[in-house]
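Residue 440 is where the sequence shown starts when you use my numbering, and the numbers rise one by one after that. Virtual Cβ for every residue (Gly too), placed ideally from N, Cα, C. Report on one structure; see the data block that follows.
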Amino acid sequence: MDLSVVIPVYNEEEGLPALFERLYPALDALKVGYEVIFVNDGSRDRSAALLREQFARRPDVTRVVLLNGNFGQHLAIMAGFERTRGERVVTLDADLQNPPEEIARLLAKMDEGYDYVGGVRSERHDNAFRRFGSRAMNRLRERITRIRMSDQGCMLRAYSRPIIDAINACREVSTFIPALAYTFAHRPTEVEVAHESRAAGTSKYSVYKLIRLNFDLVTGFSVVPLQVFSLFGIGVSIVAVLVYLVVMVQRVLAGEPLDTLRTFWDRDILQFFLIGIVLFGLGLVGEYVGRIYQQVRERPRYLVQAVLEREPESSAWQKRSSSATTT
Ligand code: UDP
Ligand code: MG
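As structure tokens, this is what we get:
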């Protein structure tokens with residue numbers, strides 16, 4: 440099996456027939472062994488029935504995972520990933536915004552030796568609000584995480600088997616697949632892909648769902664929001680001390696008697712100083728919470744690409760003895 444294509448489906452009954460019509464010829468044209476894994480994310484329309492029919496039509500290359508409820512696009516893709524058998528895995532949306540014909544372009548890039556190829560939508564066909572929001576979030580992600588990509592929202596992407604295995608080893612409950620994959624990639628790259636308007640139906644992301652998704656991205660890959668308070672707190676405290684010194688100097692220059700100077704402590708300045716200390720403490724707690732959070736996520740801490748070493752001399756003997764104990 441060379442290629443697994445994973446497609447999350449949520450209330451896409453209007454678009455699915457057109458997707459089938461374009462997807463399968465595009466994949467057949469690749470002349471590789473492939474499978475398509477549709478994951479129905481708890482659709483309440485006829486999507487599941489349509490997927491069943493498609494399975495009956497092309498059982499050789501079609502697999503369908505029916506989830507029990509609506510768990511969100513990224514967890515639906517995770518459910519698909521767990522069942523992939525291909526050496527390479529491609530994700531795309533069910534609404535034909537990611538043209539299936541572009542899969543060939545991703546695979547060609549992988550042939551050059553990259554293990555993760557992200558799509559970059561050359562000309563995006565979405566409304567201005569979405570485009571603006573995306574740009575802002577891409578910029579924020581670029582600043583507060585180590586993830587470098589131009590278009591995190593594009594789900595037309597290709598992943599190599601080791602990356603999929605690493606993602607499958609992650610047990611976190613909310614995630615953002617393109618970013619998670621990037622953390623495991625050894626040679627990531629990007630390629631421009633076409634983008635089309637939704638073939639049918641409407642976007643499955645409400646403003647609320649979009650905000651939730653972006654929280655998953657920020658909190659899943661950065662503890663900066665937790666730590667930023669300590670920096671802010673230090674800043675406030677330092678400014679308070681500087682203001683204090685300036686006021687003192689002014690008073691000395693104004694010729695105030697030494698006695699009143701010694702007991703001077705302006706209440707506003709003191710308050711700012713203490714607020715700074717409190718914020719610093721909050722950030723410090725954030726540091727620990729961040730560490731606990733990273734620990735409980737139980738992501739693989741590192742991935743070994745290869746180990747260059749000589750076979751230990753005793754390995755032949757060990758193999759024999761271990762097989763002896765199992766029989
Ligand atoms: N999707 C899903 N579960 C959800 C929301 C969306 O599986 O809760 C699927 C949807 O069917 C589509 C893909 O995720 O295949 C992207 O969704 P959509 O096109 O609505 O997002 P947009 O293009 O507006 O960002
Ligand atoms: Mg879409």
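**OP:** Tell me, to the nearest whole angstrom, how far the beta carbon of L546 is from that of A597; I am working on the premise that it is less than 8 Å.
**Re:** About 6 Å; that satisfies the 8 Å criterion.
Original post:
Would you report the Cα separation of Q744 and L713, rounded to the nearest angstrom?
Top reply: In this structure, the alpha-carbon of Q744 lies about 50 Å from that of L713.
Subject >> Pairwise C-alpha distance: E752 and S761 >> reply: Residue placement at S761 is flagged as unreliable, the pLDDT there being 47, under the threshold of 50; the coordinate-derived value follows with that caveat. Each residue's alpha carbon lies about 15 Å from the other.
Original post:
Quick one: is the Cβ of D425 within less than 8 Å of any heavy atom of the ligand MG?
Top reply: Absent from the structure is residue 425, since the part of the chain shown begins at 440 and ends at 766.
Original post:
Can you name, in chain order, every residue of its own chain whose Cβ lies under 8 Å from the Cβ of F571, other than the five neighbours on each side?
Top reply: Counting only Cβ-Cβ distances below 8 Å, and skipping sequence neighbours, we find nothing.
Original post:
DSSP beta-bridge partners for S443?
Top reply: E474 and V528.
Original post:
For A763, which of helix, strand or coil comes out of DSSP?
Top reply: Per-residue confidence for A763 stands at a pLDDT of 44, beneath the threshold of 50, marking its modelled position as unreliable; the derived number appears in the next sentence. DSSP places A763 in the helix class (H, G or I) of the three-state scheme.
**OP:** Taking only heavy atoms of the ligand MG into account, decide whether any of them is closer than 8 Å to the Cβ of D532.
**Re:** Taking 8 Å as the cut-off, one finds at least one heavy atom of the ligand MG near enough to the beta carbon of D532.
**OP:** Look at the alpha carbon of V746 and the alpha carbon of P601, and state the distance between them as a whole number of angstroms.
**Re:** Here the C-alpha atom of V746 lies approximately 15 Å from the C-alpha atom of P601.
**OP:** Determine, using beta carbons only, whether I586 and P664 come nearer to each other than 9 Å.
**Re:** In this structure, P664 does not lie closer than 9 Å to I586 by Cβ.
**OP:** For the beta strand (DSSP E) holding G557, just list the boundary residues, first then last.
**Re:** If you look at G557, you'll find it in the beta strand (DSSP E) that goes Y555 to R560.
Subject >> For A515, the residue or residues it bridges with in DSSP >> reply: Answer is none; A515 lacks a bridge partner.
Subject >> Reference M440; option with closest CA among C593, S599 and A575 >> reply: Nearest of C593, S599 and A575 to M440, Cα basis: S599.
Original post:
Is DSSP giving N450 helix, strand or coil here?
Top reply: When secondary structure is reduced to three states using DSSP, N450 falls in the coil class, being assigned neither helix nor strand.
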